[in-house]
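Using our numbering, you'd call the opening residue of the sequence shown number 70 and step up by one each time.
By construction, the Cβ of each residue, glycine as well, lies at the ideal position given by its N, Cα and C atoms.
Here the structure comes first, spelled out in structure tokens, and everything after it is commentary.
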Amino acid sequence: LNIQKEIMTDIGSTTTADGDLTKWAGQGVMLLNRVLTVTAGESGSHSKLGWQEITEKIVAHCANLGAVGLLWGSSARELAHLFKEDCLVEGVHPSPLSAHRGFLGSKPFSRVNQLLENKGKTVIIW
């Protein structure tokens, strides 16, 4: 819901009003958590299983290909060093617990599109 709110205030788009983000995937957007599994109802329960090493390698590969990184939250921002400065947007996680501490109003979608435009790449239709 916070992502939808921010998209609306940032770029005026309602393309995610139904919550379906597959349109993003079709444009090359990859959504990836640092830890890929969890025991139901136990946040962080699988954080010691080695997922961070795997996801770091995935992100490093994407960064090496020139991808623009949009890193939300402290865990994701640990990977900022993998991206060139002109390929990186960092911000607060959009979860209800932290969205009002900097996510809402941060304009991440227009910032990503600006970086893509600067590189002569196709912008995302968020």
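Endpoints, the alpha helix (DSSP H) within which leucine 185 is located: 177–187
Whole alpha helix (DSSP H) runs in the segment 116–144 with 4 or more residues, listed along the chain? 120–133
Contact between the segment 104–114 and the segment 83–95: three or more CB pairs below 8 Å? no
Any idea which residues DSSP pairs leucine 157 with across the strands? Gly138
I need the boundaries of the alpha helix (DSSP H) containing glutamate 75, first residue and last residue. 71–80
Thinking C-alpha only, which one of Val158, Pro165 and Ala168 is nearest phenylalanine 178? Val158
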